[in-house]
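Engineer:
Number of protein chains: 2
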Amino acid sequence: MKKTKDENTEEQILEAAKNIFQSKGMDGARMQEIADKAGINKAMLHYYYRSKQLLFEAVFNNAFLLLAPQLNTVLNDDSSIEEKIKNFTTNYISFILKHPYLPNFVIQELNRNPEFILKMKENKEFPNLEKFKKQVNEEIKKGIIKPIAAEQLFINIMALNIFPFVAKPLIKAFINADDETYLQLMENRKTEVSNFIINSIKH
Amino acid sequence: MKKTKDENTEEQILEAAKNIFQSKGMDGARMQEIADKAGINKAMLHYYYRSKQLLFEAVFNNAFLLLAPQLNTVLNDDSSIEEKIKNFTTNYISFILKHPYLPNFVIQELNRNPEFILKMKENKEFPNLEKFKKQVNEEIKKGIIKPIAAEQLFINIMALNIFPFVAKPLIKAFINADDETYLQLMENRKTEVSNFIINSIKH
DNA sequence: AATTTTGTTAACCAAATGGTTAAACCATAT
DNA sequence: ATATGGTTTAACCATTTGGTTAACAAAATT
């Protein structure tokens, strides 16, 4: 059971590394802890990934590539702004409830190492605002929504959706909520947030 | 010049520690680096603060105590909801532009160690939502603002104000902005954000 | 002026940490 | 069965890191 050529050792490592890196960050993570969680010898980490840095990058890229398509929903599909916001909000919040460490991990590590995002930008799937901008300006011209800079609207959408997860401990403390209450609050936000945004911009 | 009883050595350490901790976090910070930045011997850090943990807590408490009063503006003064939102938004964004590392530092370290906030909660000045809730519900009853849960409104205000700073590298990348453009965007948000919120809730 | 207290430094220490190595293991092709 | 080549392990290594110590210098106290 042990010495079989385990095709999935590499994946077990990645899964363990994901767990440790996402909850403790690059600096807080320990190679030994990752090995323990994966149930293998520490040398294997280096055998498959060479170094802590490279293992980390593998985890980070995976995380980022999971988030990017979510954003593209808001940017590149063909429905109206109102539809987009509704869809994105419910989808994104559901998505994050399944991957609670993701946004904080990505944001934290990008702040630690801002040049990192340059590599991401080269990716074909990297979110691009052009279409969204055009659409916002059109709907403004048509009188469907009130004037607003597309960039600011985009930031607002991101903020309202992502922040409550990034700042979870802070929010729990201010609201005086236990985990269940917090979760309920996030559930409610699936409609709350889109209503809030649409109320603000709809004519 | 060297062996004078420098009354401010302790503060030099705290200032250096603030810089290093806020940009690298607890795990990424090195005692030697803090000593170097303070221009003193590493042993002094321990002489004045005993351990890395205690030095970190001194920095963290200072940071938190700087942020709390900002929030109390929105919660405990006597102006209308609309006034409060306007004041808070301009004040808070100005404040953060002067202390750019603050929000991310606090959020990051609270996520790393959520029990930490329990100590904060004991503090008399810890933000309390009660008054704000009452006021929101009154203005709803009077028909000044549309129905909304006070907690959700509070989260929205926080999100719209804080998130753009926490996620700076992400936003710069999506918007394709250099530092100057980013700064301009944040300046604009001083009015943008309050308009956005008020548009959404005002009857 | 002598002595005690406080501040400061260089040198040191033990533990932790990322990484390496040499040997063992094992499935498979020969 | 045996050689082969990827896989795995235990032991090891060099460096980093938080923390300590002993000696010394400058004030403060007597």
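Chains as they are written, first to last, in the UniProt record's numbering: chain A, 1 to 203; chain B, 1 to 203.
The beta carbon of each residue, even a glycine, is placed where N, CA and C say it ideally should be.
Using a Cβ cut-off of 9 Å, which residues of the stretch 158-173 of chain B contact any Cβ in chain A, in chain order?
Structural biologist: M158, A159, L160, N161, I162, F163, P164, V166, A167, K168, P169, L170, I171, K172, A173
Engineer: Starting from G28 (chain B), find everything on chain A with Cβ-Cβ shorter than 9 Å and list it in chain order.
Structural biologist: The residue labelled residue 28 (chain B) in the question sits at position 28 within the second sequence. Chain A residues near G28 (chain B): G25, M26, D27, G28, R112.
Engineer: Let me see if you follow: with CB-CB separation under 8 Å, is K2 (chain A) close to chain B or not?
Structural biologist: The count along the first sequence starts at 1 and reaches residue 2 (chain A) at position 2. Residue confidence is low: K2 (chain A) scores 36 on pLDDT, short of 50, so the model does not pin down where it sits. Its coordinate-derived value is still stated next. Output row for K2 (chain A): interface = no.
Engineer: Is K142 (chain B) helix, strand or coil by DSSP?
Structural biologist: Residue mapping note: residue 142 (chain B) aligns to position 142 of the second sequence, counting from 1. In this structure, K142 (chain B) counts as coil in the three-state DSSP scheme.
Engineer: By alpha-carbon positions, which one of A:N61, A:L14, A:F196, A:M44 ends up nearest to residue 207 (chain A)?
Structural biologist: What the structure shows of chain A is the stretch from 1 to 203, and residue 207 (chain A) is not part of that stretch, so it cannot be assessed.
Engineer: Report yes if the CB atom of T89 (chain B) is closer than 8 Å to the CB atom of N176 (chain B), and no otherwise.
Structural biologist: On the second sequence, position 89 is the one that residue 89 (chain B) refers to. On the second sequence, position 176 is the one that residue 176 (chain B) refers to. Their beta carbons are not under 8 Å apart, which means T89 (chain B) does not touch N176 (chain B) by this criterion.
Engineer: Please go through the same chain and pick out, in chain order, the residues whose beta-carbon is closer than 6 Å to the beta-carbon of F165 (chain B), but skip the five residues on each side of it.
Structural biologist: In the second sequence, the residue the question calls residue 165 (chain B) occupies position 165. Correct list, in chain order: I96, P103.
Engineer: Could you tell me which of B:G25, B:N19, B:F64, B:L71 sits nearest to M158 (chain B), measuring between CA atoms?
Structural biologist: As a first step, residue 158 (chain B) must be located in the second sequence, where it is residue number 158. Nearest of B:G25, B:N19, B:F64, B:L71 to M158 (chain B), Cα basis: B:L71.
Engineer: Give the residues of chain A in contact with E192 (chain B), contact being defined as C-beta atoms less than 7 Å apart.
Structural biologist: The sequence position of residue 192 (chain B) within the second sequence is 192, counting from 1. Within 7 Å Cβ-Cβ: Q152.
Engineer: On a Cα-Cα basis, can you pick out the residue from A:K86, A:V136, A:F64, A:P100 that is closest to E125 (chain A)?
Structural biologist: Locating residue 125 (chain A) in the first sequence gives position 125, counting from the first residue. Looking at the Cα atoms, A:F64 is the closest of the given residues.
Engineer: For G28 (chain A), tell me which candidate among A:N41, A:Q53, A:M44 has the shortest Cα-Cα distance.
Structural biologist: If you number the first sequence from 1, residue 28 (chain A) lands on position 28. G28 (chain A) has its Cα closest to that of A:Q53, out of A:N41, A:Q53, A:M44.
Engineer: Mind checking which residues open and close the alpha helix (DSSP H) that includes S94 (chain B)?
Structural biologist: Taking the first residue of the second sequence as position 1, residue 94 (chain B) is located at position 94. Counting along the chain, the unbroken alpha helix (DSSP H) around S94 (chain B) starts and ends at 81-98.
Engineer: Is the stretch 138-157 of chain A touching the stretch 188-199 of chain B, taking contact as three or more C-beta pairs under 8 Å?
Structural biologist: Yes: at least three Cβ pairs fall under 8 Å.
Engineer: So P127 (chain B) contacts chain A; which residues on that side make the cut at Cβ distance below 7 Å?
Structural biologist: Sequence index remark: in the second sequence, residue 127 (chain B) carries index 127 (1-based). Chain A residues near P127 (chain B): F174.
Engineer: Please report the distance separating the alpha-carbon of Q108 (chain A) from that of E57 (chain B).
Structural biologist: Within the first sequence, residue 108 (chain A) is the residue found at index 108, counting from 1. Within the second sequence, residue 57 (chain B) is the residue found at index 57, counting from 1. Near 20 Å, if we compare the C-alpha coordinates of E57 (chain B) and Q108 (chain A).
Engineer: Can you list, in chain order, the residues of its chain whose CB lies under 8 Å from that of V106 (chain A), leaving out five sequence neighbours each side?
Structural biologist: Here residue 106 (chain A) refers to the residue found at position 106 of the first sequence. The residues are F60, A63, F64, L67.
Engineer: Helix, strand or coil: how does DSSP classify K24 (chain B) here?
Structural biologist: Residue 24 (chain B) sits at position 24 when you count from the first residue of the second sequence. If DSSP states are grouped into helix, strand and coil, K24 (chain B) belongs with the helices.
Engineer: With 16 as the cutoff for other CB atoms within 10 Å, does K3 (chain B) come out buried or exposed?
Structural biologist: Residue numbering aside, residue 3 (chain B) sits at position 3 when the second sequence is read from its first letter. Residue placement at K3 (chain B) is flagged as unreliable, the pLDDT there being 43, under the threshold of 50; the coordinate-derived value follows with that caveat. Per the 10 Å Cβ criterion, exposed.
Engineer: Please report whether the beta-carbon of L185 (chain B) lies at a distance below 8 Å from any beta-carbon of chain A.
Structural biologist: Numbered from 1 along the second sequence, position 185 holds the residue referred to as residue 185 (chain B). By this cut-off, L185 (chain B) is an interface position.
Engineer: How would you write the range of the alpha helix (DSSP H) that I107 (chain B) sits in, first residue to last?
Structural biologist: The sequence position of residue 107 (chain B) within the second sequence is 107, counting from 1. 102-112 is the extent of the alpha helix (DSSP H) around I107 (chain B).
Engineer: Can you pull the DSSP bridge partners for K202 (chain A)?
Structural biologist: Numbered from 1 along the first sequence, position 202 holds the residue referred to as residue 202 (chain A). Its beta-bridge partners are A:I145.
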